Amino acid sequence: MEDVNLNKEEKEIAIKLRGITKTFGTVVANDQVNLDINYGEILALLGENGSGKTTLMNMLSGIYFPDGGTMEMDGKEVMVSSPLKAIDLGICMIHQHFKLVEVFNALDNIFMG
């Protein structure tokens, strides 16, 4: 995996998700999700409770791992293997409710907040 240059012009694809799937036992939280996020775009994910919005964001931020599909940044496939890797890639998630990242120690959780 290569470093990602985040200084791109708007309308270029910053993040591309293809066929992202996540299951929890027999529950399919995300099924073949495709999403392009362009530089300079502000997007909102809307849906009912339990529709998979948070699960998708948790995969993008390295908290969960997809069961299938690919993620690209700047046209290069990346694996977001941890929240720290997500931060290294310039991805950070601010939770609606206070939530600790279990794989982080207390200090890392404070700095992430």
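Sequential numbering of the sequence shown, starting at 1, is according to our numbering.
Ideal Cβ positions, reconstructed from N, Cα and C, are used throughout, including at glycine.
Small disclaimer: the values here were computed from a predicted structure and weren't measured.
Counting C-beta neighbours from all protein chains within 10 Å, is the total for residue i 16 or more, i.e. buried, or is it exposed?
| i | result |
| --- | --- |
| A86 | buried |
| S61 | buried |
| G52 | buried |
| I91 | buried |
| V80 | buried |
| I15 | buried |
| K76 | exposed |
| T54 | buried |
| V103 | exposed |
Judging by CA-CA distance, which residue of the options is the nearest neighbour of residue i?
| i | options | result |
| --- | --- | --- |
| G50 | F111, V28, S61, N109 | V28 |
| N38 | K11, Y64, F24 | K11 |
| G68 | R18, G25, V101 | R18 |
| Y64 | A44, F24, D88 | F24 |
For residue i, list the residues DSSP reports as bridge partners.
| i | result |
| --- | --- |
| M71 | L17, V78 |
| T23 | V28 |
Quick one: what does DSSP say residue i is sitting in, helix, strand or coil?
| i | result |
| --- | --- |
| I37 | strand |
| K11 | coil |
| N30 | strand |
| F111 | helix |
| M59 | helix |
| L84 | helix |
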